[in-house]
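Below you'll find the structure, written out as structure tokens, and then a few comments.
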Amino acid sequence: MPEQSGKVQTVLGLIEPDQLGRTMTHEHLTMTFECSHVPPASGDEGLAAAPIEMKHLHWLQQNPYSHHENLLLNQEIEAVKEELLCYRKAGGGSIVENTTTGITRNLPVLRQLAKETGVHIIAGAGYYVDVTHSDETRKMTVEKLTDIIVNEILHGADGTDIRCGVIGEIGTSWPITESEKKVLRATAHAQTQLGCPVIIHPGRNKAAPGEAIRILQEAGGDISKTVMSHLDRSIYDPRELLEFAKMGSYLEYDLFGTEVLNYQFNLDVDMLSDSQRVQTLAFLIREGYEDRILIAHDIHTKHRLTKYGGHGFSHILKNIVPKMLSRGITQNQVDKILIENPKQWLTFK
Ligand SMILES: CC(=O)NCCS(=O)(=O)O
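Quick note: the sequence shown uses my numbering, first residue 438, plus one each step.
Structure (structure tokens):
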């Protein structure tokens with residue numbers, strides 16, 4: 438039985454699950470997102486190249502992926518540190534930092550932030566979406582990929598002795614590519630060996646979450662210990678959502694704070710507002726899924742930091758929790774979503 442059994446693995450070492458406290462299960466503290474750059478609309482090239490300024494903020498909020506500098510969250514370590522101190526003050530305890538290979542994971546920075554702020558940080562093992570896979574990664578067998586992921590959890594990643602505490606976010610596109618399928622199978626095999634938590638980034642299509650879960654399931658993965666991220670932009674129809682929920686994964690609404698008219702990555706999607714996210718949580722609770730819900734902000738660009746006029750890492754604790762309570766979600770259910778469910782998920786079997 439690995440030493441992780443019954444514990445949660447942070448970048449500073451193993452902790453007791455009860456030490457986690459309120460936990461955001463899908464965030465990034467340092468990463469790059471150039472892989473997802475969207476060319477600006479014709480006429481907006483000047484805005485896309487201008488420094489981030491108050492007078493451009495609305496444009497940036499609506500076009501976050503068209504501004505190169507906005508995609509470099511790794512340049513904001515000091516601002517993120519300030520945010521984490523505020524997060525602690527607001528009652529936050531832990532953050533899952535699921536930056537994986539391909540979007541510039543930086544484990545020494547995560548360890549430094551954990552030491553300086555007292556926030557427990559759980560780092561992610563594995564690989565982001567196909568466009569970020571190296572030729573070497575693409576050529577690897579499932580066995581080789583499994584070994585790498587297991588090693589990132591048992592011994593440390595990126596040449597450090599800093600150990601990841603969760604596999605993911607494992608990136609998938611739509612349709613899921615061959616290289617991504619291998620990584621999903623390796624994820625399931627590593628999870629079988631380690632009894633660890635897994636988190637998946639689905640492609641931007643309503644069929645994507647189900648397909649990723651099916652691949653994991655066929656490879657022996659433990660779906661009850663797997664989180665499906667980004668449901669806010671993936672499955673809208675209530676009946677389809679309940680069909681997906683039956684598959685048994687955690688259901689994550691992790692784009693709290695994102696309010697956009699056009700979702701740049703898929704213009705067919707009407708991105709949920711925060712009010713609609715809260716309504717969806719209430720719906721899932723009524724349908725009996727309160728043990729399966731997780732929430733977060735998935736901050737991955739500069740403009741969502743308070744330094745740039747954004748909502749920051751404390752938005753859920755300061756603004757969304759009161760809204761949940763005012764819409765009939767009980768304090769006990771809020772605590773389940775923010776404390777108990779993350780704890781169950783993050784504890785190694
Ligand atoms: C870092 C990351 O993968 N964020 C997800 C953005 S998306 O719009 O939900 O795909």
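Just so it is clear, CB atoms sit at the ideal spot from N, CA and C, and this is done for glycine as well. Note that this is a predicted model, so its numbers are computed, not measured.
C-alpha distance - residue i paired with residue j, whole-angstrom precision
i: A492; j: P476; result: According to the sequence provided, residue 492 is Lys. The question's Ala does not apply to it. The alpha-carbon atoms of K492 and P476 are separated by roughly 21 Å.
i: T629; j: D659; result: 7 Å
i: I586; j: K552; result: 25 Å
i: S771; j: S571; result: One point to set straight first is that residue 771 is Val, not Ser, in the sequence displayed. Taking the straight line joining both Cα atoms gives about 41 Å.
i: P454; j: I637; result: 22 Å
i: S616; j: G539; result: 13 Å
i: G458; j: F693; result: 19 Å
i: L550; j: K518; result: 6 Å
i: I489; j: S661; result: 42 Å
i: N778; j: T460; result: 9 Å
i: E724; j: T695; result: 25 Å
i: R676; j: G483; result: 44 Å
i: E573; j: Y564; result: 12 Å
i: E655; j: T569; result: 25 Å
i: V546; j: F720; result: 38 Å
C-beta contact flag for residue i and residue j at 8 Å
i: E534; j: E471; result: no
i: L688; j: I730; result: yes
i: I613; j: A649; result: yes
i: I599; j: L544; result: yes
i: I774; j: I732; result: yes
i: H504; j: L494; result: no
i: D707; j: S666; result: no
i: T469; j: T537; result: no
i: G528; j: L754; result: yes
i: E513; j: K739; result: yes
i: L653; j: A625; result: yes
i: D567; j: S531; result: no
i: K619; j: V664; result: no
i: Y502; j: S479; result: no
i: G747; j: C523; result: no
Residue from the options with nearest C-alpha to residue i
i: M684; options: L731, N511, Y726 and P634; result: Y726
i: E506; options: A594, L653 and A486; result: A486
i: Q456; options: G747, F785 and I776; result: I776
i: D735; options: K643, T467, S442 and K760; result: T467
i: G657; options: V517, G632, K576 and W496; result: G632
i: V697; options: K755, R741 and V568; result: R741
i: L582; options: R622, G605 and S710; result: R622
i: G602; options: I753, T462 and N756; result: T462
i: P439; options: T569, N588 and S751; result: N588
i: Q781; options: S686, H748, G483 and E724; result: S686
i: G647; options: R676, E680, S712 and E724; result: E680
i: N769; options: L484, L522, T743 and I722; result: I722
i: Y745; options: S712, Q716, S442 and A516; result: A516
i: D674; options: R651, L709 and T695; result: L709
i: R764; options: T743, T597, Q716 and V546; result: Q716
Exposed unless 16 or more other CB atoms sit within 10 angstroms - verdict on residue i
i: E520; result: buried
i: L704; result: exposed
i: R575; result: exposed
i: N500; result: buried
i: P634; result: buried
i: R548; result: buried
i: N699; result: exposed
i: K526; result: exposed
i: R714; result: buried
i: S751; result: buried
i: D711; result: buried
i: G605; result: buried
Original post:
Three or more C-beta pairs closer than 8 Å, one from the segment 551 to 562 and one from the segment 448 to 463: is that the case here?
Top reply: yes
**OP:** Spell out a yes or no on whether the segment 590 to 597 and the segment 635 to 646 are touching, meaning 3 or more CB-CB pairs, one atom from each, closer than 8 Å.
**Re:** no
**OP:** Determine contact between the segment 702 to 716 and the segment 665 to 675, defined as no fewer than three beta-carbon pairs at a distance below 8 Å.
**Re:** yes
Original post:
Counting Cβ pairs closer than 8 Å, one from the segment 508 to 516 and one from the segment 750 to 760, do we hit at least three?
Top reply: no
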